[in-house]
Every structure is written in C-alpha cells, then in structure tokens.
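According to the numbering used here, the sequence shown is numbered sequentially starting from 5. We put the CB at the ideal spot given by N, CA and C, even for glycine. Data block below; observations after.
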Amino acid sequence: MSLWMAAMWGLVGSAVAEALNLSGMMRPTTESGGRWQWPWRDRRDAPIVVFAVLLRTVAGTGLAAAAGAGGLATTAFASFTFGVAAPLVIAKMFDQVRVTDQPSDDTRGGPDGEHDDAA
5 MSLWMAAMWG LVGSAVAEAL NLSGMMRPTT ESGGRWQWPW RDRRDAPIVV
55 FAVLLRTVAG TGLAAAAGAG GLATTAFASF TFGVAAPLVI AKMFDQVRVT
105 DQPSDDTRGG PDGEHDDAA
C-alpha cells in the first residue's frame, strides 16, 4: 500500500473516531429545551473544539502514514485502525516520558540567584 493511501485511510479512521466522539458529547439538556446541543457552551469556545478535532485527525493521518511507511500497516483496515487509535497511541507514548523535578529556589547559590561554580 502506498504512503498516500495509508494516510487517506488513517484520515478516514480518525474522522470516524472524532465523529463518534462529538456525537457522544452532544446531549439534549434542560436549559436547551430538550434540543441537542453542540459540545461547547459558548460560541467563543467553538474554534478551540474544532482546532482540537483537527489536531487529532492530523495525528491520526500522520500515525497511519508512518505505520504505512514503516511496513506496519499493509492493508486499508490496518491504516484505518491506526487512524482510529491515534489519540490513544500518542497519549500512551507521552505517558512514557518522564518529567524531572525542577530544582527549588533554595538550591541556588548567592543572594542574586547565581551559582558559584568556581570557574
């Protein structure tokens, strides 16, 4: 399968996942009179939600393309699955990154915050 085909199937997979996610967030509320509402409360929040959806679909496309280029996704279904699972895969990858604690201000030498490294 070509790189572009893997990317397109990844785009379709991530778009399906995002559509299911958005439809799950749309609920009728009592304040809307029982009508279905978009997942944002204020219209000013809409661009942020749309931007997040676009980022996740691009991530799904990129992960499926990388999997296709690396030989992991050799079929359309595999590329589609990489697109669907991309947000979870990327979140798990970032969970593996260790964050070290920053030194506190007490460890700094001198009254002006500079270290005396004897240089």
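Contact fails between the region 31-40 and the region 83-94, because fewer than three Cβ pairs, one in each stretch, are under 8 angstroms apart. In the DSSP annotation of this structure, the continuous segment of the alpha helix (DSSP H) that includes Pro91 starts and ends at Ala80 to Asp99.
When Cβ pairs closer than 8 angstroms are counted between the two stretches, the region 48-67 is seen to touch the region 7-22, the count reaching three or more.
Proximity to Phe84 across Ser18, Ala56 and Trp8 peaks at Ser18, based on C-alpha coordinates. Here the alpha carbons of Ala70 and Leu15 stand approximately 13 angstroms from one another. In the DSSP secondary-structure assignment, Pro32 is bridged to Trp40.
Burial state of Trp8 is exposed, judged by a 10 Å Cβ sphere holding fewer than 16 other Cβ atoms. Between Val53 and Trp44 the beta-carbon gap is near 5 angstroms, inside 8 angstroms, which marks them as a contact. Phe86 places its beta carbon 8 angstroms or farther from that of Ala73.
If you check the CB distance, Ala77 and Ala10 come in under 8 angstroms.
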